[in-house]
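Student: Below you'll find the structure I mean.
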Amino acid sequence: MTDSSEPALVRRAQAGDTLAMVGLLDRLTPYVGRICGAIALGGGPDAAQETLIAVFRGLRGLTHPEALRGWVRAIAVREAVRVARRDGGVPADLTSVPARGDPQLAADVHDVLRRLSPEHRAILVLRDLEDLDEQTVAAMLEVPKGTVKSRLARARASFRKAWTE
Amino acid sequence: MSDAPQWPTARLDEIARFRALAAGVRGAAVTERVVAAPFDDVWAVLSDFEGSFGLIEPDMHRVRVIARDGEHLELLARSRWGFRARLIGVHRPGWFWAQSRFLLLGMAATAAPDGRTRVALTGGIRIPGRAALMPLGVRRAAVGALGRLDRAVG
Numbered sequence: 001m002t003d004s005s006e007p008a009l010v011r012r013a014q015a016g017d018t019l020a021m022v023g024l025l026d027r028l029t030p031y032v033g034r035i036c037g038a039i040a041l042g043g044g045p046d047a048a049q050e051t052l053i054a055v056f057r058g059l060r061g062l063t064h065p066e067a068l069r070g071w072v073r074a075i076a077v078r079e080a081v082r083v084a085r086r087d088g089g090v091p092a093d094l095t096s097v098p099a100r101g102d103p104q105l106a107a108d109v110h111d112v113l114r115r116l117s118p119e120h121r122a123i124l125v126l127r128d129l130e131d132l133d134e135q136t137v138a139a140m141l142e143v144p145k146g147t148v149k150s151r152l153a154r155a156r157a158s159f160r161k162a163w164t165e
Numbered sequence: 001m002s003d004a005p006q007w008p009t010a011r012l013d014e015i016a017r018f019r020a021l022a023a024g025v026r027g028a029a030v031t032e033r034v035v036a037a038p039f040d041d042v043w044a045v046l047s048d049f050e051g052s053f054g055l056i057e058p059d060m061h062r063v064r065v066i067a068r069d070g071e072h073l074e075l076l077a078r079s080r081w082g083f084r085a086r087l088i089g090v091h092r093p094g095w096f097w098a099q100s101r102f103l104l105l106g107m108a109a110t111a112a113p114d115g116r117t118r119v120a121l122t123g124g125i126r127i128p129g130r131a132a133l134m135p136l137g138v139r140r141a142a143v144g145a146l147g148r149l150d151r152a153v154g
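Quick mapping for you: the protein sequence lines, in order, are chains A and B.
The opening residue of the first sequence carries number 1 in full-length UniProt numbering; numbering runs sequentially from there.
The opening residue of the second sequence carries number 1 in full-length UniProt numbering; numbering runs sequentially from there.
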């Protein structure tokens with residue numbers, strides 16, 4: 001029976017099997033959609049398409065097929081932040097997030113995320129959705145670990161306040 | 001209902017997924033057209049492999065479905081130049097992607113908000129051992145196929 005694990009699909013795709021690429025596309029689309037949707041919000045479909053294009057263009061160069069998800073995640077975060085920044089309309093930093101009790105703040109994740117900058121959304125996604133440690137998040141976003149810590153604390157506090165209201 | 005936050009998720013239509021996949025196959029030019037007919041009508045014409053499909057893709061002179069298991073499909077196609085190809089692929093609403101040793105054939109469609117249908121095609125001669133096609137008039141053939149599709153459903 002054919003090995004249908006992701007590393008096996010990557011190896012078959014790298015050998016020219018386009019049906020293995022379809023298998024990877026089917027598996028990666030929801031994953032990429034989750035990351036790009038939470039960071040790029042309305043621009044999520046654009047970011048997801050750009051991510052998958054970059055993934056399939058670069059697949060031949062992936063030397064460790066076992067590292068597929070981490071590689072895809074890094075591309076998705078980069079594309080999602082880029083698209084979100086391009087789309088504009090985001091607060092400069094968390095100080096513009098409405099305080100607890102603000103009637104504007106709806107208890108809706110999408111609405112809360114919309115009030116964060118793309119970089120803060122990326123931190124929340126990587127820590128709370130992807131469950132990565134601070135060191136890894138810092139390396140991915142090319143910021144010091146301390147910055148991740150402080151941004152995360154503020155982003156989480158705002159997020160949870162909003163969510164529990 | 002769960003109290004867990006529902007993170008927003010980006011959803012990609014089949015055309016967007018098709019573009020991404022084709023981007024990974026060197027030489028796989030994607031040709032798109034908006035056809036003035038509803039998705040179900042368009043997809044029915046494109047999916048009738050033993051019938052109307054051959055009118056849209058005349059290079060596929062005769063096609064026979066030799067196996068189907070869910071969305072997995074095997075076709076035996078004879079080209080107008082006489083050579084035979086056993087295509088193995090995935091077929092589901094809005095999506096068809098199949099390859100033989102020497103051929104690749106892909107189609108995707110998605111309903112446009114105005115009731116029309118966006119269709120994308122790609123395909124060509126495969127380069128053995130690589131995710132790459134030989135660029136032999138593929139775009140011209142696809143433009144012709146989409147024109148025939150438009151006339152068939154319009």
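Glycine included, C-beta positions come from ideal geometry on N, C-alpha and C.
Who does B:Ala120 pair with in a DSSP beta bridge?
Tutor: B:Glu32, B:Ala108.
Student: Here's the rule: buried if 16 or more other CB atoms are within 10 angstroms of the residue's CB, otherwise exposed. What is B:His61?
Tutor: Exposed.
Student: Examine the Cβ distances between the segment 7 to 17 of chain A and the segment 145 to 156 of chain A and report whether three or more of them are shorter than 8 Å.
Tutor: They do not touch, by the three-pair rule.
Student: So what does B:Val65 bridge to, in DSSP terms?
Tutor: B:Leu75, per the DSSP bridge assignment.
Student: Against chain A, with Cβ distances strictly below 8 Å, would B:Arg19 count as a contact?
Tutor: B:Arg19 counts as touching chain A.
Student: If we call anything under 8 Å between Cβ atoms a contact, is B:Thr110 one with B:Asp13?
Tutor: Contact: yes.
Student: Can you list the residues of chain A that B:Arg11 reaches, using a CB-CB cut of under 7 Å?
Tutor: Correct list: Gly33, Pro45.
Student: Taking all protein chains shown into account, do 16 or more other C-beta atoms lie within 10 angstroms of the C-beta of B:Pro8, making it buried, or fewer, making it exposed?
Tutor: Flag for B:Pro8 reads buried.
Student: Is it true that the CB of A:His110 sits closer than 8 Å to the CB of A:Ala155?
Tutor: No, the pair does not count as a contact, with Cβ atoms beyond the cut-off.
Student: Tell me B:Ala85's beta-bridge partners as DSSP assigns them.
Tutor: Answer by DSSP bridge pairing, in chain order: B:Ala77.
Student: Please list the terminal residues of the continuous beta strand (DSSP E) segment that includes B:Trp97.
Tutor: Segment 95 to 99, the beta strand (DSSP E) holding B:Trp97.
Student: From A:Gly37 to B:Arg11, what does the alpha carbon distance come to, in whole angstroms?
Tutor: C-alpha separation (whole angstroms): 8 Å.
Student: Name, please, each residue of chain A whose Cβ falls closer than 9 Å to the Cβ of B:Arg33.
Tutor: Simply none; closest approach about 19 Å.
Student: Classify B:Ile127 as helix, strand or coil using the three-state DSSP reduction.
Tutor: It is coil, neither helix nor strand.
Student: With contact counted as at least three CB pairs below 8 Å, one residue from each stretch, are the segment 14 to 33 of chain B and the segment 63 to 71 of chain B in contact?
Tutor: The segment 14 to 33 of chain B, when compared against the segment 63 to 71 of chain B, does not touch it at the 8 Å Cβ threshold.
Student: Quick one: using the 10 Å Cβ neighbour count with 16 as the cut-off for buried, is A:Ser72 buried or exposed?
Tutor: The displayed chain sequence assigns Val, not Ser, to residue 72 of chain A. Looking at its Cβ environment, which holds 16 or more other Cβ atoms inside 10 Å, A:Val72 is buried.
Student: If you run the structure through DSSP and keep just helix, strand and coil, what is A:Leu126?
Tutor: It is helical.
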